[in-house]
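There are 2 protein chains.
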Amino acid sequence: MQKILPVIMCGGAGTRMWPESREATPKQFIQLFGERSTFQDTMAMLDASPLFETPLVITNADYAKIVAGQVTEIGASAEIILEPMRRDSGPAVAVAAEIGFRRSPDTILAVLASDHSVLDRAGMVAICAEAAAVASQGFIVTLGIKPTFAATGYGYIRPGERIGHKGQVSRVGAFVEKPDAEKARAYIADGYFWNSGNFIFRADTMRGEIARFETVMAEKVAGAVDAGKIESGCLVLDAASFGEATKKSIDFAVMERTDKAAVIPADIGWSDVGTWSAVRDLIERDESGNAVRGDGVIIGATNAYIRSQGILTAVVGVDNVIVVATSDAVLVLDARQADRVKEVVDRLKADNRPEIISHR
Amino acid sequence: MQKILPVIMCGGAGTRMWPESREATPKQFIQLFGERSTFQDTMAMLDASPLFETPLVITNADYAKIVAGQVTEIGASAEIILEPMRRDSGPAVAVAAEIGFRRSPDTILAVLASDHSVLDRAGMVAICAEAAAVASQGFIVTLGIKPTFAATGYGYIRPGERIGHKGQVSRVGAFVEKPDAEKARAYIADGYFWNSGNFIFRADTMRGEIARFETVMAEKVAGAVDAGKIESGCLVLDAASFGEATKKSIDFAVMERTDKAAVIPADIGWSDVGTWSAVRDLIERDESGNAVRGDGVIIGATNAYIRSQGILTAVVGVDNVIVVATSDAVLVLDARQADRVKEVVDRLKADNRPEIISHR
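Those sequence lines, one after another, are chains V and C. Using the numbering used here, you'd call the opening residue of the first sequence number 1 and step up by one each time. Using the numbering used here, you'd call the opening residue of the second sequence number 1001 and step up by one each time.
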């Protein structure tokens, strides 16, 4: 069976996970669960399966060291591609497609997020294998997650007509925006999936679609790869060309326009771990719904979650609170308003506070 | 007019004000409000009025340095009396009465707490002067605070028959225990006062009542003063004698038994500042009821209060929360359950945690 070339997208900022996530060490590199980062979890999953080739890791040049360090730490290997500036996900995927295409036009690539949580790693690998078979027929196959609650924080996918006679793969009927709660319930009733943003395709398929919809992006990305330089073992994309690649998400650039999009159901315990509440909901908690990571005490509260790094943290009587304590910043968050951490970060950014850049 | 000899009781532990209050620097010595401790506020009030002599400060031997330092810091002076061990308030008041008596039997003493907040300091001084006049007739005059809400955290005083024809001084009808909310409302309707624990008396009156009700306490305290030694300008009570003085509060030892107790109404903006909620309720807050002392940000919350020492603290969406952040410990407290901080301290004590002893 043809191996899959994984492409790990590693350039995110993760502002909703402040104060652990900082500009210098964003969400994908912090230990949200256990002893490894979600980036390392993803790398380890790929490393453990013969289905995958050595992954391409696409990240911002600022994160070169941390990526290399985290890869080495778990004994894996990666080809690291550095973006000299942020151009959103479209150019990143275009780079991967271009590199895959130059190896061979029928290379199968799997674009995977580095900051998601997947409880069923074996299931994830199996889905990738299935999706690769569909992708080899010229589809861009996105992983559609079976919803487990009426999430308003995810985009949804309406499945269209079935592809083939076995399995449950469909064409994508439509990508739909994040809904309100009522719409979310209707979507679930109608069999929609969550859009996980992980997708699998043949290099020539994606490269062709990008060339078709985003000519400038395709040309500039090809130029950035051509003029790229190897530095300390990483491919550094050429800044002059890459900086001119259209700044656009792959969703807007291709996925919402192409007629080659397909969706494969993936019941793999997936979460994009977008907020501290999502983290709390994924970990083991006691009979009161409480959990402590690090040095904490909870008294008279339910569904409270303490994450503390070296500072004793006590919660008294506050239900549904999430406390994230680091050496230089403390966040006290109502779990039902976990999205609003972004407002704190915006405020701190306006004040030029160092506590959003790096840890003291 | 005869001057008053103030006696500042300074031996408390203040566990409900953790993590700012620690065993080594309890509540009365921390800057609850503004730049001074409540002990310093009390000292400054006395220092500013010609009504008062140089105060006696009675404290635990462990606090000798901090008391001397805080007195010097505000340019006041004090006679410091050190207890070699904690014997509750009865022996402390007995020591003050004994020392006052040796100066002159008719010395007027005012026993004042060091950890209370009084908004109307001028009113407090005026009440002390009035109370002194009543005390000179042989009464032990306690300051009765006109209740401003149905407090369940204070003991109450039922006023008895009026004393004299002017003013509103009464004999104490009864001291009553901390009530539930329903009883508290009834007490207020019936004109009861809060028992502030500040009282004024002639030395011979109090000394006589202690001798009458607590013979052992009186004898051992006299012995502890006799055998006391001056060390670094402080009177250190003799440990052998003082350790045998009956361990009992002045309320149980005298106030609830004597027929000489009187109560003078004091409408002076008093609070015992027993909890972090009491602090929050005393400070200036914005139109959402929020307040920040130190480095904090509040988003999407009402009646939130942040106290932070050198660590950026953000609250998102949690109403009625009090966050106290220090360099080595963080408390996240529901303001309506502020009493329960004691449970945290008990837990930490059981675990021998250094965070209850002193600041790192």
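C-beta atoms are modelled at their ideal positions from N, C-alpha and C, and glycine is treated no differently. Everything numeric in this text was worked out from a predicted model, so none of it was measured.
Review point. Who does residue 1195 (chain C) pair with in a DSSP beta bridge?
Key: Stepping through the second sequence from its first residue, residue 1195 (chain C) is reached at position 195. According to DSSP, residue 1195 (chain C) bridges with C:1144.
Check your understanding: Cβ of residue 302 (chain V) less than 8 Å from any chain C Cβ?
Key -> Here residue 302 (chain V) corresponds to residue number 302 of the first sequence, with the count starting at 1. For residue 302 (chain V), the answer is no, since every Cβ of chain C falls outside 8 Å of its Cβ.
Exercise for review: With 7 Å as the C-beta to C-beta threshold (strictly closer), list the residues of the region 304–329 of chain V near chain C in chain order.
Suggested key: Answer set for the region 304–329 of chain V: 311, 312, 313, 314, 315, 316, 317, 318, 321, 323, 325, 328 and 329.
Practice item. Could you name the residues that DSSP lists as bridge partners for residue 1202 (chain C)? Key: Counting from one through the second sequence, the residue named residue 1202 (chain C) turns up at place 202. Partner(s): C:1108.
Practice item. Label residue 168 (chain V) either buried or exposed according to how many other C-beta atoms from any shown protein chain fall within 10 Å of its C-beta, with 16 as the threshold for buried. Key: Locating residue 168 (chain V) in the first sequence gives position 168, where the first residue counts as 1. Exposed is the call here.
Exercise for review: Enumerate in chain order the residues of its own chain whose CB-to-CB distance from residue 341 (chain V) is below 6 Å, with the five nearest sequence positions on each side excluded.
Suggested key: The residue labelled residue 341 (chain V) in the question sits at position 341 within the first sequence. Counting only Cβ-Cβ distances below 6 Å, and skipping sequence neighbours, we find 16 and 18.
Review point. Quick one: what's got a C-beta closer than 7 Å to residue 1279 (chain C)'s C-beta in the same chain, skipping five residues either side?
Key: Sequence index remark: in the second sequence, residue 1279 (chain C) carries index 279 (1-based). Closer than 7 Å at the Cβ level, and outside the excluded window around residue 1279 (chain C), lie 1032 and 1273.
Check your understanding: To which residues does DSSP link residue 9 (chain V) through a beta bridge?
Key -> Translated into positions along the first sequence, residue 9 (chain V) becomes position 9. For residue 9 (chain V), which the question treats as bridged, DSSP gives the partners V:58 and V:113.
**Study point:** Per DSSP, cross-strand counterpart(s) of residue 225 (chain V)
**Key:** By 1-based counting over the first sequence, the position of residue 225 (chain V) is 225. DSSP lists no partner for residue 225 (chain V).
Point to revise | For residue 1260 (chain C) and residue 1170 (chain C), the rounded distance between their alpha carbons | key: In the second sequence, counting from the first residue as 1, residue 1170 (chain C) sits at position 170. In the second sequence, counting from the first residue as 1, residue 1260 (chain C) sits at position 260. The alpha-carbon atoms of residue 1170 (chain C) and residue 1260 (chain C) are separated by roughly 11 Å.
**Study point:** residue 1081 (chain C) vs residue 1040 (chain C) beta-carbon contact at 8 Å
**Key:** On the second sequence, residue 1081 (chain C) is found 81 positions in, with the first residue counted as 1. On the second sequence, residue 1040 (chain C) is found 40 positions in, with the first residue counted as 1. With a cutoff of 8 Å on beta-carbon distance, residue 1081 (chain C) and residue 1040 (chain C) are scored as not near each other.
**Study point:** Inter-stretch contact at 8 Å, needing at least 3 Cβ pairs: the region 291–306 of chain V / the region 1344–1351 of chain C
**Key:** yes
Check your understanding: Counting Cβ pairs, one atom from each stretch, are 3 or more of them under 8 Å apart for the region 58–69 of chain V and the region 220–229 of chain V?
Key -> Taking 8 Å as the limit for Cβ pairs, the verdict is that the region 220–229 of chain V does not touch the region 58–69 of chain V.
Exercise for review: For my contact list, residue 1135 (chain C) and residue 1202 (chain C) are in at a C-beta cut-off of 8 Å; report their separation, rounded to the angstrom.
Suggested key: If you number the second sequence from 1, residue 1135 (chain C) lands on position 135. If you number the second sequence from 1, residue 1202 (chain C) lands on position 202. Between residue 1202 (chain C) and residue 1135 (chain C) the Cβ distance is about 6 Å, and since that is below 8 Å, they are a contact.
Check your understanding: Which first and last residues belong to the alpha helix (DSSP H) in which residue 1279 (chain C) is found?
Key -> In the second sequence, residue 1279 (chain C) corresponds to position 279, counting from 1. Bounds of the alpha helix (DSSP H) holding residue 1279 (chain C) are 1276–1282.
Review point. Hey, would you say residue 99 (chain V) sits closer than 8 Å to residue 56 (chain V), going by beta carbons?
Key: For this step, residue 99 (chain V) is matched to residue 99 along the first sequence. For this step, residue 56 (chain V) is matched to residue 56 along the first sequence. Taking 8 Å as the Cβ cut-off, residue 99 (chain V) and residue 56 (chain V) qualify as a contacting pair.
Exercise for review: Using DSSP bridges, identify the partner residues of residue 306 (chain V).
Suggested key: Position 306 of the first sequence, counted from the first residue, corresponds to residue 306 (chain V). BP columns for residue 306 (chain V) point to V:292 and V:323.
Practice item. Counting only the same chain and skipping the five closest in sequence on each side, list residues whose C-beta sits under 8 Å from that of residue 312 (chain V). Key: Within the first sequence, residue 312 (chain V) is the residue found at index 312, counting from 1. Correct list, in chain order: 295, 296 and 297.
Check your understanding: Where do the N-terminal and C-terminal ends of the beta strand (DSSP E) with residue 52 (chain V) fall, by residue?
Key -> The residue you call residue 52 (chain V) lines up with position 52 of the first sequence. Counting along the chain, residue 52 (chain V) falls outside any beta strand (DSSP E), and DSSP gives it neither H nor E.
Exercise for review: Would you tell me roughly how many angstroms separate the C-alpha atoms of residue 263 (chain V) and residue 157 (chain V), rounded to the nearest one?
Suggested key: The residue labelled residue 263 (chain V) in the question sits at position 263 within the first sequence. The residue labelled residue 157 (chain V) in the question sits at position 157 within the first sequence. Approximately 8 Å between the Cα atoms of the pair.
Exercise for review: Flag residue 292 (chain V) as yes if its beta-carbon sits less than 8 Å from any beta-carbon of chain C, otherwise no.
Suggested key: What you label residue 292 (chain V) is simply residue 292 of the first sequence in a count that begins at 1. Taking Cβ atoms only, chain C never reaches closer than 8 Å to residue 292 (chain V), which makes this a no.
**Study point:** Stretch pair the region 90–98 of chain V + the region 217–224 of chain V: three plus CB contacts closer than 8 Å
**Key:** They touch, by the three-pair rule.
Check your understanding: Residues of chain B with a CB under 9 Å from the CB of residue 347 (chain V): which are they?
Key -> Absence of chain B from the displayed structure is noted, the protein chains being V and C.
Exercise for review: Scan the region 1150–1168 of chain C for residues whose Cβ lies nearer than 9 Å to a Cβ of chain V and list them as they occur along the chain.
Suggested key: Those residues of the region 1150–1168 of chain C placed with their C-beta closer than 9 Å to a C-beta in chain V do not exist.
Exercise for review: Return the CA-CA distance between residue 1066 (chain C) and residue 1028 (chain C), expressed in angstroms with no decimal places.
Suggested key: Mapped onto the second sequence, residue 1066 (chain C) falls at position 66. Mapped onto the second sequence, residue 1028 (chain C) falls at position 28. Computed Cα separation, rounded: 11 Å.
**Study point:** residue 337 (chain V): contacting residues in chain C (beta-carbon distance under 8 Å)
**Key:** If you number the first sequence from 1, residue 337 (chain V) lands on position 337. Ordered by position in chain C, the residues that pass the 8 Å Cβ test against residue 337 (chain V) are 1300, 1316 and 1317.
Review point. DSSP on residue 1091 (chain C), reduced to helix/strand/coil?
Key: On the second sequence, position 91 is the one that residue 1091 (chain C) refers to. Residue 1091 (chain C): helix per DSSP, three-state reduction.
Practice item. Report yes if the C-beta distance between residue 1006 (chain C) and residue 1119 (chain C) is below 8 Å; otherwise report no. Key: Along the second sequence, read from residue 1 onward, the residue named residue 1006 (chain C) stands at position 6. Along the second sequence, read from residue 1 onward, the residue named residue 1119 (chain C) stands at position 119. Going by C-beta atoms, residue 1006 (chain C) is not nearer than 8 Å to residue 1119 (chain C).
Review point. From residue 1214 (chain C) to residue 1030 (chain C), what distance separates their C-alpha atoms?
Key: Looking up residue 1214 (chain C) in the second sequence gives position 214. Looking up residue 1030 (chain C) in the second sequence gives position 30. C-alpha separation (whole angstroms): 34 Å.
Review point. When you compare only the Cα positions, how much space is there between residue 1343 (chain C) and residue 266 (chain V)?
Key: Position 343 of the second sequence, counted from the start, is the residue given in the question as residue 1343 (chain C). Position 266 of the first sequence, counted from the start, is the residue given in the question as residue 266 (chain V). The straight-line gap from Cα to Cα measures roughly 47 Å.
Review point. Taking the C-alpha atoms as reference points, what is the distance between residue 1309 (chain C) and residue 1021 (chain C)?
Key: Against the second sequence, residue 1309 (chain C) aligns to sequence position 309. Against the second sequence, residue 1021 (chain C) aligns to sequence position 21. Going from the Cα of residue 1309 (chain C) to the Cα of residue 1021 (chain C) covers about 13 Å.
Review point. Which value, in whole angstroms, describes the spacing of the CA atoms of residue 129 (chain V) and residue 93 (chain V)?
Key: Looking up residue 129 (chain V) in the first sequence gives position 129. Looking up residue 93 (chain V) in the first sequence gives position 93. Computed Cα separation, rounded: 20 Å.
Check your understanding: How do the region 1176–1188 of chain C and the region 1229–1248 of chain C stand: do at least 3 beta-carbon pairs fall below 8 Å, yes or no?
Key -> no
**Study point:** Euclidean distance between Cα positions of residue 1195 (chain C) and residue 1173 (chain C)
**Key:** Position 195 of the second sequence holds residue 1195 (chain C). Position 173 of the second sequence holds residue 1173 (chain C). Distance between the alpha carbons of residue 1195 (chain C) and residue 1173 (chain C): 12 Å.
Practice item. Please report the residue range of the alpha helix (DSSP H) in which residue 66 (chain V) lies. Key: By 1-based counting over the first sequence, the position of residue 66 (chain V) is 66. Where residue 66 (chain V) is concerned, the enclosing alpha helix (DSSP H) stretches over 64–73.
Point to revise | Counted within 10 angstroms of its Cβ, other Cβ atoms place residue 1288 (chain C) as buried (16 or more) or exposed | key: Along the second sequence, read from residue 1 onward, the residue named residue 1288 (chain C) stands at position 288. Per the 10 Å Cβ criterion, exposed.
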